[in-house]
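Every letter in the sequence shown is one number past the one before it in numbering that gives the first Met the number 0, and letter 60, counting from 1, is 59.
Ideal Cβ placement from N, Cα and C applies to all residues, glycine included.
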Amino acid sequence: MDNFQNLVNSVWDFFREGFHNVNAVEGLIIALVATILLSSWGRLWIIALGATLVHLIADILIPVIAKHAAFALPTNLMDMSYWRYAATLFVGYIIVIAVFFFIKRLFFKGGH
0 MDNFQNLVNS VWDFFREGFH NVNAVEGLII ALVATILLSS WGRLWIIALG ATLVHLIADI
60 LIPVIAKHAA FALPTNLMDM SYWRYAATLF VGYIIVIAVF FFIKRLFFKG GH
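Printed below as a string of structure tokens:
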């Protein structure tokens with residue numbers, strides 16, 4: 000039973016971390032644009048994947064554009080921590096875009 004409890008806690012922590020990573024100005028703007036582009040629940044996965052990619056690219060380009068930093072790929076690109084971060088972003092975008100899309104469908108009957 001303790002192993003199951005630990006597994007459930009790990010999964011919930013993963014979801015919380017993803018939601019936390021998206022719940023910032025950059026993530027919310029990307030999620031809003033993704034929600035506008037989302038036309039049906041079936042496309043949620045691909046739209047969330049696209050939002051994740053945009054977020055990861057923005058993480059690289061924002062310092063280049065705003066602070067005139069040199070363009071560089073993340074130093075931990077080949078580490079598991081980077082891919083865990085990307086996976087938590089994906090899960091976070093699924094959650095946030097689903098909530099936004101539900102609200103969109105609720106207030107705009109056609110969803111568009």
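Below 8 angstroms between beta carbons: does that hold for residue i and residue j?
{"i": "Gly-26", "j": "His-67", "result": "no"}
{"i": "Ile-93", "j": "Leu-43", "result": "yes"}
{"i": "Phe-100", "j": "Thr-34", "result": "yes"}
{"i": "Leu-72", "j": "Ile-64", "result": "no"}
Which stretch, first to last residue, makes up the alpha helix (DSSP H) that contains residue i?
{"i": "Ala-23", "result": "Premise fails: Ala-23 is in no alpha helix (DSSP H) and is neither H nor E."}
{"i": "Pro-62", "result": "43-65"}
{"i": "Met-112", "result": "The chain is shown from 0 up to 111; residue 112 falls before or after that span and cannot be answered."}
For residue i, which residues of its own chain have a beta-carbon under 6 angstroms away from its beta-carbon, when the five flanking residues on both sides are left out?
{"i": "Ile-29", "result": "Ala-50, Val-53 and His-54"}
Pull up the CB-CB distance for residue i and residue j, whole angstroms please, since I reckon it's below 8 angstroms.
{"i": "Ile-46", "j": "Ile-102", "result": "With 8 angstroms as the limit, Ile-46 and Ile-102 do not qualify as a contact, their Cβ atoms being about 15 angstroms apart."}
I'd like the list of long-range same chain contacts for residue i, defined as Cβ closer than 8 angstroms, with 5 residues on each side in sequence excluded.
{"i": "Phe-89", "result": "Gly-17, Ala-47, Leu-48 and Thr-51"}
With a threshold of 7 angstroms on Cβ separation, who are the neighbours of residue i within its own chain once the five nearest residues in sequence on each side are excluded?
{"i": "Phe-13", "result": "Thr-87 and Val-90"}
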